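In the working numbering, the protein residues as written are 1 to 325. Glycine included, every Cβ here is placed at the ideal spot set by N, Cα and C. For clarity, every value in this text was computed on a predicted model and none was experimentally measured.
Dropping the structure here:
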């Protein structure tokens, strides 16, 4: 097993001490201590053949995993009898003395440094900690260490640390840079060569706003560039780290698809389409014709050839209220 490296996950918007730009999530030299997590009445360790996450696997894979765990536990317990790695039960209620937790796990503390933590698999206890960290990063929704940098960036969960693999991190950084550059290149091309599609992409991605059409080209460009970088109206948006993907995807849509989706979006803004709170269906306000329960439902319904006249009517109503392109 390779050396495990854990780094703090740094985000400027969550930086309360002003040190993120220097590579610190906490004051240099400070440490965070984590106990072995417990879920469903057991320590979550990676050494439990009956762990809950194994139930999600198909039978063949599950048995293969159980066999590997048994072999790992048997080997380590033989070399270090006091570990008793398969003894993972913990009391589920305070004062319950019927279950005696394994003191090896009870007394274990995982120490995380403010800059970088390195765990050496040649050290037996560190080897166990590596398995515990990897298992919780993958299966524990409450664990504050992400399984990798990509997950830490893209998840809605606020991770404090991530498991770092130097080669993979470099690969991810390069891949991210390439994708961001691609999005910016598309933005440059659209804004200069296809202004109609450019405004449709903006209206599709950004919050509905009647004022986009009267804004300058530079202002619209800035809005789109901010969006690519996860910023809307000057504020960094949670989950915005992947907005560049949305921009690339939207730019690859046809004008016809973009126009239809923008019409639906602005039909909602102008109450041409309204939500029926009883049925939870979106309806055409004039006729109360049900259109679907989601934006995608409405798109597929209104772009069906047999419903094109209805779509044209909705489009005309919307364009009486707001300019689309």
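- In this structure residue 221 is in contact with residue 191, their Cβ atoms being roughly 5 Å apart against a cut-off of 8 Å.
- In the pairwise beta carbon analysis, the stretch 305-324 is classified as touching the stretch 255-271: at least three pairs are separated by under 8 Å.
- DSSP places residue 286 outside any beta strand (DSSP E), giving it a letter other than H or E.
- Taking all protein chains in view, the Cβ of residue 239 is surrounded by fewer than 16 other Cβ atoms within 10 Å, so the residue is classified as exposed.
- About 27 Å separates the beta carbon of residue 314 from that of residue 232, a gap too long to meet the 8 Å contact definition.
- Short of 8 Å from the beta carbon of residue 151, and not among the five residues preceding or following it, lie these beta carbons of its own chain, in chain order: 159, 162.
- If the five residues before and after residue 202 are omitted, its C-beta is found closer than 7 Å to the C-beta atoms of 212, 220, 223, 224, all from its own chain and listed in chain order.
- A residue is called buried once 16 or more other Cβ atoms fall within 10 Å of its Cβ, and residue 135 is buried on that count.
- DSSP places residue 44 in no beta strand (DSSP E); its state is neither H nor E.
- In its chain, beyond the 5 residues on either side, no residue has a beta carbon closer than 6 Å to the beta carbon of residue 312.
- Assignment of beta strand (DSSP E) within the stretch 122-157, counting only whole runs of 3 or more residues, yields no such run.
- Here residue 175 is exposed, its C-beta having fewer than 16 other C-beta atoms within 10 Å.
- Where residue 162 is concerned, the enclosing beta strand (DSSP E) starts and stops at 161-164.
- Counting the other Cβ atoms within 10 Å of the Cβ of residue 117 gives 16 or more, which makes it buried.
- Residue range 31-35 is occupied by the beta strand (DSSP E) that includes residue 31.
- Linking residue 215 to residue 199 through their CA atoms gives a straight-line distance of about 11 Å.
- The residue among 156, 149, 39, 91 with its C-alpha nearest the C-alpha of residue 5 is 149.
- The C-beta distance from residue 37 to residue 140 rounds to 6 Å, short enough to fall under 8 Å.
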